[in-house]
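Participant: Numbering of the sequence shown is given in the numbering used here, commencing with residue 1 and proceeding in unit increments.
What follows is a single structure, and I will ask about it in a moment.
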Amino acid sequence: MSENQQMAPISLTAGAIEALKRIQSEQQIPDTHGIRVGVKGGGCSGYTYILGFDEKKEKDDAYEVDGFSVFIQKAHALYLIGMEIDWQDGLNNRGFTFNNPNAKETCGCGTSFSA
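Take a look at the structure:
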């Protein structure tokens with residue numbers, strides 16, 4: 001697999017990297033899998049985020065982000081440019097958060113947006 005030498009459209013915070021490494025280890029996800037980041041229709045604001053471990057598919061662009069292979073479908077990149085993925089571990093919020101400068105509106109759950 002050849003990684004795209006262009007700058008990746010997304011970034012991961014230190015908290016997100018730590019959480020992803022923990023999940024990969026706990027769930028024994030093979031090193032051949034990378035992180036899939038994308039969008040799909042749905043949610044209360046129109047789109048929801050996709051985040052999970054997966055293998056590269058034909059329509060994906062591949063990037064290297066902080067030691068992880070990141071796979072993004074070419075059609076999804078438009079919605080994700082400049083997005084930062086973080087991990088929150090507080091009393092009121094625990095999980096991945098998406099700071100997307102392209103989102104016109106987001107919902108209260110933080111995983112749905114409109115573009």
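Idealized CB from N, CA, C, for every residue including glycine.
Predicted model, so just to flag it, every value in this text is computed and none were measured.
May I ask you to report which of helix, strand or coil DSSP gives K21?
Facilitator: Counted from its first residue, the sequence shown places residue 21 at position 21. Reduced to three states, the DSSP call for K21 is helix.
Participant: Put K74 into one of helix, strand or coil per three-state DSSP.
Facilitator: If you number the sequence shown from 1, residue 74 lands on position 74. Three-state result, K74: helix.
Participant: With a threshold of 6 Å on Cβ separation, who are the neighbours of L12 within its own chain once the five nearest residues in sequence on each side are excluded?
Facilitator: Counted from its first residue, the sequence shown places residue 12 at position 12. Same-chain partners within the cutoff: V65, D66, I85.
Participant: Within the same chain, show all residues whose beta-carbon is closer than 7 Å to that of L78, passing over the 5 residues directly before and after it, in chain order.
Facilitator: Along the sequence shown, one-based indexing puts residue 78 at 78. Closer than 7 Å at Cβ, skipping near neighbours: no residue.
Participant: Return helix, strand or coil for G110, following the three-state DSSP convention.
Facilitator: Stepping through the sequence shown from its first residue, residue 110 is reached at position 110. Residue placement at G110 is poorly supported in this model, since its pLDDT is 49, which falls under 50; the coordinates still yield a value, given next. Looking at G110 - three-state DSSP - the assignment turns out to be coil, as it is neither helix nor strand.
Participant: State the beta-bridge partners of E84 as determined by DSSP.
Facilitator: Taking the sequence shown and counting its residues from 1, the one referred to as residue 84 is at position 84. Answer by DSSP bridge pairing, in chain order: S11, N99.
Participant: Suppose the cutoff is 7 Å on Cβ atoms and the five residues either side in sequence are ignored; what does the same chain contact list for N99 look like?
Facilitator: Here residue 99 refers to the residue found at position 99 when the sequence shown is read from its first residue. Closer than 7 Å at Cβ, skipping near neighbours: M83, E84, D86.
Participant: Assuming S69 and G15 make a contact with CB atoms under 8 Å, what is their CB distance in whole Å?
Facilitator: Here residue 69 refers to the residue found at position 69 when the sequence shown is read from its first residue. Here residue 15 refers to the residue found at position 15 when the sequence shown is read from its first residue. At roughly 20 Å, the Cβ-Cβ gap does not stay under 8 Å, so S69 and G15 are not in contact.
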